[in-house]
Amino acid sequence: MWKKCLAVCIAILLLLAATVVWLLFGNGIQTTANYFLAPDYHISLAEPIDIDTDGILLPQITVAGAQNSAHQACRLVDGEQIRLAWWQRKLTLEKVRLDYACLQQLMNQPNESIDSQPFTLTRLFALLPLGEVEIAGLDWQNAEAVTHPQLQQLLHATTHARAVRQGSQLRLQLQATEQQDADTTRKLANLDGILFENTLTAFLIYQPDEHQYNQVTLNAELADSFEQLPLNADLDYRWRSADMIIPQGGISLTWKDQQAQLQLYEVAGQEQHQLLDLPFDIKNGQLQVSKAQFNWAKDLPQPMNGFLDLDLQAEQPDRTFWNSFPLNINFRLSLLSSGDKGKGLIVIQGLNGKIDRQALQIPLQVNGEVKSFDSIFYTDLPMRIEGPLHDPILRFLSGSLLRMTGNTEYIDIAELRLPLAGVVVGQYGIKGRLQAILKGKTRQFERIDLRLDGRANEFIAGIHSIFNIRSAQEVPSRLSAAAATNRWNWNFWGYADIPSLRNVVSLRGRGFWHDNLINIQLLDGELGRFALPGVQVEPLLLSLSQTISWDYQQQRLSGALAVNTPRIQLDYGGQILKPDISVGIEGKDFSDLNLKSELTADRLGPIRLFATYQQGALRGNVYWPQQSSNVFQPLFPKRWNWLIQRGSIRGQTAFSITPEKGLIAGGHIAIENGSIALPNGAISGINFSLPYRYQNQRFQLGVKEPVEVKIASLDNGVHLKDVSLQVQGYYPYTRKSPLSLTKLNLKLLGGELNVDKFSLPQHNPAYLRLSNIELSEILELMQYNQLEMVGKVNADLPFWIENSPCIICDGVIEQGSDWRIHLSDELISKIEQGGGITERILTNLMETMDVYDSNINVNLLQDGTGLLNAKIKANNALQNPIFLNYNHKENAFDLWQSINFGSELQQNLEYRLYQRREQ
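First residue of the sequence shown? That's -7 in the numbering used here, and the numbers climb one at a time after it.
Here's what the structure looks like:
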């Protein structure tokens, strides 16, 4: 009998030995483990497997994910250097790599084998064996799809994990560290959680950098089923981060017997300010929030507080709302705001809404007003939230209108209207017909009435914090510009008053807003005829010569405008023909611009302008390159009959235009070798460089020193040569700001004319000092052939233009040398024929006289009457002394006209020839 028993024992031992050998060396463990795994999952063990008295050592283990027709198999987990200690019940892994992409793929696969039994704490503890699992290094791979920087930081960190099951206690510890340099690591996150029977405690610290800190503390009493809410719970979350709208604050949640209270608070110094108090009940399959209060801190952009009432209930009363669909929802949210214009109230109400497992449908009505700073928003918005849970949309219904009034830095808005009927808002932005109607005024414009109308396609209006943008793979490559995503295409039109011009400008055009780019593709504008002091401008036409493009995120603005008009008429009679202005703009925005402009007008120009516009002020420089002076011809009125023949002109001006001081300008203009033909004369050899300054509608000429003007010759009946003078002062001139002409010198009639100083307005006479004037040239000028005079004349003539009844008052003519007066034979003959013996005696005595002394006084009245009183002492040919007293009265203006007639005739003929040549 014992032999049979021994044989059975040996057979059992051989079977056990064979089983152990098969398990350890014949892939038995791998086959057995795969048998118990879920379908389509697979474990692979690398060989060799080492066994000693302490346990088993595996070099590598791999867990592959499920494979089906829709997805390929992927390696979910790779473990290295796995050791199982027999007696310690401890499993140690040196390194574990988790594949993020594979995990995402498996989570998105449909679960075809749903366990109808709820998962409970009892089942959890039954599944987990007693013992310990420790992972020295847990790493993630294939996590490029994660874009959040802090999640990326966690996934790239090295994590140490430890899980221990002892009796009724389960403990999980995680510690994440990141490598700062070759020898230094920094603790990034730490989690310590303990589940003892049905009591859970957890403590989490997360510190992404030295400026941010997050801490979570949890104490909860759990129900046995994970589908049930905790019986009691206390959660406290605190943070510190300068990047958040609340830099330092916390959230606390207290839960007991299906009643809970959630509070949000801000920490400022040693004080806490409550921002949200949300009490709620969950019972009988219903979530109720009653009079939840929230209050924004005062130092946030928009102070706001309000109340929330919410009722969320399952349609089947015997089911809890969080695992039963559909759900019925009703809520009312009241928002109270405060701004410079007082308090406002807006109510958002949702009635009879329904949430399915796949979609939701919630009718909404928004009414009221929001007062933000100096603006008021008025809302009347019937709308509806609808669509799938993962991608809901907000649809505005008929009658939806958003209005705004208020003042901003750039514009005072009388009304901004946004009709929103038919517009749809989703996670990718706004779709549908989008309109805007703006009425208001700025510092430059009044009665602005501007309208935009177009279509938006997933337009986010630059709000990246709320909306998402489709990736390049989601957008068709051949999508037309009109249907491009994140874009609002619009047409615009409108008008505005320009008070400074007493006129109206009208605009129309086309453009779009795409992402952070606002683009104006077409612009046509018109400004009616207007007048400025001394200037009348024909209607202006405005157009685009280069698309206006504004990237407000990158602060880049560029484009170019063209302005033209038939003519600019000057009140004195001159005109600028066909002015054409091109303006290129570059800058950050419409309040910070660089301008580059060119002005041409017929043959005039180009005159170049470079300027900047900042803080409502325009500053820059105007450059006028040298060109022929005859481009100025239209500036001379036709009635003057002046014709520019030759010369060149150039100039430069610096200017600023501000709302406080208006236009201030300064620069210079230079004319070289200018020549002008006049109907009754000519001016040639004009040379000057004129520095000037313009402020308060007044020119200041010769800012630092007088301006020297030189004219080679001036022929207007009298031939003047080598004219030079200095000009300094103001125009228009006043008593306190006069215009002065000094050091006037010129040559005429064989002599010279000098004026030391002449000021306007005139309060003192200007002394015209004549020296060495030839008497013979005076007679030649007067075309008087009956008398011959030889000698030189000096004169000192007090000269007035205004504030005096006479033009020349008490002028004195003196001899510059001895005079010889000889009567012509024709004159003697006529005197003798018409007279008697007395006349013959006189003519014999005065036929030739040598004047050695004279006293001559001259006066010229404002009406042209000239008065001459002369006392002359002379010797005749027989050396007999002669004394003459002579008084003469004649209108000098008439005399000038009569003696200048022949000269005018000749000069007019020359002018007509020049004019014909210019044509």
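Glycine included, each C-beta is placed from N, C-alpha and C at the ideal position.
Q) So which of Y370, L50, E769 and R642 has the shortest CA-CA distance to L410? A) Y370
(Q) What residue range does the beta strand (DSSP E) around L430 cover? (A) G421 to K433
Q. CB L760 to CB D714, shorter than 9 Å?
A. no
Q) In angstroms, rounded to a whole number, what distance separates the CA positions of R611 and K179? A) 56 Å
Q) Comparing alpha-carbon positions, which option in W632, F582, I385 and I668 lies nearest N622? A) I668
Q | Three-state class that DSSP yields for L627 in the structure shown | A | helix
(Q) Using only the alpha-carbon positions, how far apart do N679 and A523 sit? (A) 33 Å
Q.
What does the alpha-carbon distance come out to for the pair T434 and Q619?
A. 40 Å
Q | Touching by the beta-carbon criterion (3+ pairs, under 8 Å), the stretch 631 to 640 and the stretch 598 to 615 | A | no
Q) Where does I368 land, buried or exposed, given buried means 16+ other C-beta within 10 angstroms? A) buried
Q. Quick check: the stretch 372 to 388 against the stretch 398 to 408, are there 3 or more CB pairs under 8 Å?
A. no
Q: Indicate whether D42 and A77 have their beta-carbon atoms separated by less than 9 Å.
A: no
Q. Measuring CB to CB, does I641 end up less than 9 Å from A657?
A. no
Q | CB contact flag (G129, K82, <9 Å) | A | no
Q. In or out: C94 buried (at least 16 other Cβ within 10 Å) or exposed?
A. buried
Q: From the DSSP output, in three-state form, read off F582 for me.
A: coil
Q) Where G277 and T209 are concerned, what is the direct C-alpha to C-alpha distance, given to the nearest angstrom? A) 28 Å
Q) Within this structure, are the beta carbons of L300 and L270 separated by less than 9 Å? A) yes
(Q) Taking the straight line between their C-alpha atoms, what separation do you get for Q546 and K346? (A) 43 Å
Q. Hey, how far is the Cα of E170 from the Cα of A284?
A. 41 Å
Q) Which partner residues does F691 have in the DSSP bridge list? A) Y686 and Y723
**Q.** Whole-angstrom C-beta distance between D543 and L509, which should lie under 8 Å
**A.** 5 Å
Q: Ignore the nearest five residues each way along the sequence and tell me which others in E744's own chain have a CB closer than 6 Å to its CB.
A: S763
Q: Count the other C-beta atoms from every protein chain shown that fall within 10 angstroms of the C-beta of S329, then say buried if there are 16 or more, exposed otherwise.
A: buried
Q | Inter-residue spacing [alpha-carbon to alpha-carbon] between S768 and Q567 | A | 44 Å
Q. Taking the alpha-carbon positions, what's the Q280 to N483 distance?
A. 48 Å
Q: Round the Cβ separation of S392 and L412 to the nearest angstrom and send it over; I've been treating them as touching at under 8 Å.
A: 4 Å
(Q) The beta strand (DSSP E) that contains L394, what's its start and end? (A) L393 to N399
**Q.** Supposed close pair I560, V527 - CB separation, criterion 8 Å
**A.** 6 Å
Q | Rounded C-alpha distance that separates Y723 from R690 | A | 6 Å
Q) What span of residues does the beta strand (DSSP E) with L122 cover, start to end? A) It is not in any beta strand (DSSP E) - L122 carries neither H nor E in the DSSP assignment.
Q: Thinking L736 and F750 are a contact (beta carbons under 8 Å), I'd like their distance in whole angstroms, please.
A: 7 Å
Q | Close Cβ partners of P629 (< 6 Å) along its chain, the five nearest in sequence each way excluded | A | G565 and G566
Q) What is the C-beta distance between N867 and D845, in whole angstroms, given that I count them as a contact (C-beta under 8 Å)? A) The pair is not a contact, with the Cβ atoms about 10 Å apart (cut-off 8 Å).
Q) Beta carbon of I338, beta carbon of E361: below 9 Å? A) yes
Q: Using DSSP bridges, identify the partner residues of N665.
A: Answer is none; N665 lacks a bridge partner.
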